[in-house]
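**Q**
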Amino acid sequence: MNHIRLYWWNLRRSPRSLAAELVYKPKSWIRGIVASRELFLNFGDEMSREIVEAAFGRKVVWSAAEKADLVAIGSVLERMERPGTPVSVWGSGLRSGALPEENTKREMRFLAVRGNLTAERLGIKESVPLGDPGLLSKEVFGHPVKQQDIVYVPHFSELAQWSRLNQFCDGIGARLVLPTAKPKKVVREIGAAGVVFSASLHGIIVADSYGVPVVPLLPFSGAESSFKYHDYMGVVGAQTELKMHDALYSASDRERELLIASCAEAAALRRSSVSEAKEGLLAAARSY
Numbered sequence: 001m002n003h004i005r006l007y008w009w010n011l012r013r014s015p016r017s018l019a020a021e022l023v024y025k026p027k028s029w030i031r032g033i034v035a036s037r038e039l040f041l042n043f044g045d046e047m048s049r050e051i052v053e054a055a056f057g058r059k060v061v062w063s064a065a066e067k068a069d070l071v072a073i074g075s076v077l078e079r080m081e082r083p084g085t086p087v088s089v090w091g092s093g094l095r096s097g098a099l100p101e102e103n104t105k106r107e108m109r110f111l112a113v114r115g116n117l118t119a120e121r122l123g124i125k126e127s128v129p130l131g132d133p134g135l136l137s138k139e140v141f142g143h144p145v146k147q148q149d150i151v152y153v154p155h156f157s158e159l160a161q162w163s164r165l166n167q168f169c170d171g172i173g174a175r176l177v178l179p180t181a182k183p184k185k186v187v188r189e190i191g192a193a194g195v196v197f198s199a200s201l202h203g204i205i206v207a208d209s210y211g212v213p214v215v216p217l218l219p220f221s222g223a224e225s226s227f228k229y230h231d232y233m234g235v236v237g238a239q240t241e242l243k244m245h246d247a248l249y250s251a252s253d254r255e256r257e258l259l260i261a262s263c264a265e266a267a268a269l270r271r272s273s274v275s276e277a278k279e280g281l282l283a284a285a286r287s288y
């Protein structure tokens with residue numbers, strides 16, 4: 001059986017993207033490399049290979065976007081605007097909601113997309129399953145031993161403000177989980193947690209995969225719009241209010257306890273939606 005040429009965002013394989021990141025976000029990447037001892041990794045994007053191999057039952061090789069057979073995890077659909085070979089989309093989304101250019105010369109088959117907002121922007125029919133493939137993390141990476149601690153998964157852009165990041169973690173009593181470490185390590189730390197605070201959308205999704213209560217935040221770096229968060233969270237029935245770091249940092253212990261309790265209740269209520277999204281993604285993979 002032939003392998004799948006899969007595109008995922010990977011700086012080590014794309015010199016042009018790497019050069020741009022080093023120009024615009026050098027502090028984030030230098031801090032990520034020093035702290036995690038990994039070169040230019042974003043765990044969420046890197047999960048794509050292992051999850052696709054497990055769901056599709058085929059070997060995966062990385063491909064440039066214009067030559068890919070398939071795209072999966074990530075806000076990568078804007079990159080599919082470029083002319084290229086026919087490509088299938090399995091759970092990918094738009095980053096900001098901007099529509100692809102009208103002169104896009106590419107055939108795209110939508111097996112699944114991340115959420116309703118992406119589907120609406122692209123005019124995709126209602127029968128296409130919704131969900132992010134990162135929801136299959138638990139099935140692919142296994143069950144870690146529960147630690148029941150509180151962790152914070154930042155958006156990697158927040159690493160540039162290292163002192164502020166650590167001050168925030170200290171203030172809410174959370175252990176920092178670096179998004180620049182290898183996928184299995186990050187996924188298992190999230191799955192083992194008692195509560196997850198996350199400005200990383202991948203972190204929010206992995207927490208949902210394991211049924212761990214999660215408090216979603218918008219990155220304090222200002223690097224991301226709320227579009228992709230709301231796109232995903234609408235699928236699983238998650239509360240769509242993105243918390244702000246300053247409000248959580250200044251909240252009393254009692255206020256944070258109440259927030260965590262409400263998030264635990266919400267996590268329990270949306271388990272059926274998460275399971276439904278997982279089933280839809282797996283069915284879509286079988287139709288490939």
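Here UniProt numbering is used: the first residue of the sequence shown is 1, the next is one more, and so on.
C-beta: ideal position from N, C-alpha, C; glycine also.
Just so you know, these numbers come straight off a predicted model, no measurement behind them.
1) Go through its chain and collect everything with a Cβ distance to A192's Cβ below 7 Å, but skip five positions before and after it.
2) Within 8 Å, do at least three Cβ pairs link the region 246 to 257 to the region 222 to 235?
3) Put S221 into one of helix, strand or coil per three-state DSSP.
4) Do you know whose CA, among I124, N10, L136 and E107, lies nearest F56's CA?
5) Starting from M108, follow its DSSP beta bridges and name the residues at the other end.
6) Quick one: what does DSSP say R37 is sitting in, helix, strand or coil?
7) On the three-state DSSP scale, how would you describe residue 300?
8) Going by DSSP, name the residue or residues bridged to L176.
9) Quick one: give me the first and last residue of the beta strand (DSSP E) that I4 is part of.
10) Measure the alpha-carbon distance for S225 versus G44 and round it to whole angstroms.
11) Please tell me whether L77 and I4 are closer than 8 Å, where the distance is taken between their beta carbons.
12) Using only CA atoms, which one of P154, K67 and R121 lies nearest to G28?
13) Flag this pair as touching only if the region 247 to 267 and the region 109 to 120 have three or more C-beta atom pairs under 8 Å; answer yes or no.
14) I'd like the span of the beta strand (DSSP E) that includes P216, first residue to last.
15) Would you grab the beta carbon distance between R270 and A223 for me? Rounded to a whole angstrom, and I think it's under 8 Å.
16) For G84 and A65, I'd like the C-alpha separation in whole angstroms.
17) Which partner residues does V60 have in the DSSP bridge list?
18) Looking at the unbroken alpha helix (DSSP H) that takes in V140, where does it start and where does it end?
19) Within 10 angstroms of its Cβ, does E158 collect 16 or more other Cβ (buried), or is it exposed?
20) The beta strand (DSSP E) spanning S198 covers which residue range?
21) Per DSSP, what kind of secondary structure is K125 in: helix, strand or coil?
22) By how many angstroms is the C-alpha of I150 removed from the C-alpha of A261?
23) Run the CB neighbour count on A19, radius 10 Å, all protein chains shown included, and call it buried at 16 or more, exposed below.
24) Who are the Cβ neighbours of F168 in its own chain at under 6 Å, not counting the five residues just before and after it?
25) In whole angstroms, what separates the C-alpha of S198 from that of R109?
26) On a Cα-Cα basis, can you pick out the residue from G123, K105 and A181 that is closest to G97?
27) Under a Cβ-count criterion, where at least 16 other Cβ atoms within 10 Å of its own Cβ denotes burial, should Y24 be classed as buried or exposed?
28) Terminal residues of the continuous alpha helix (DSSP H) containing M233?
**A** Short version:
1) Sequence-distant partners of A192 (beyond 5 residues in either direction) whose C-beta falls short of 7 Å from its own C-beta, in its chain, are P144, V145, K146 and Q147.
2) no
3) coil
4) The candidate whose alpha carbon is nearest that of F56 is L136.
5) V87
6) coil
7) Nothing can be reported for residue 300, as the shown portion of the chain is limited to 1 through 288.
8) Per DSSP, Y152.
9) I4 to Y7
10) Whole-angstrom Cα-Cα distance: 18 Å.
11) Contact check for L77 against I4 fails: the beta carbons are separated by 8 Å or more.
12) Note that residue 28 is Ser in the sequence shown, not Gly. Among P154, K67 and R121, the Cα nearest to that of S28 belongs to P154.
13) no
14) First-last of the beta strand (DSSP E) with P216: V214 to P216.
15) Wrong, their Cβ atoms sit about 27 Å apart, outside the cutoff.
16) Distance between the alpha carbons of G84 and A65: 8 Å.
17) Answer is I4, bridged to V60.
18) S137 to F141
19) E158 comes out buried.
20) First-last of the beta strand (DSSP E) with S198: V195 to S198.
21) Three-state DSSP puts K125 in coil, outside helix and strand.
22) 13 Å
23) exposed
24) Around F168, the same chain offers H245 and Y249 as residues with beta carbons nearer than 6 Å, after the five sequence neighbours per side are excluded.
25) 31 Å
26) G123
27) exposed
28) F227 to V236
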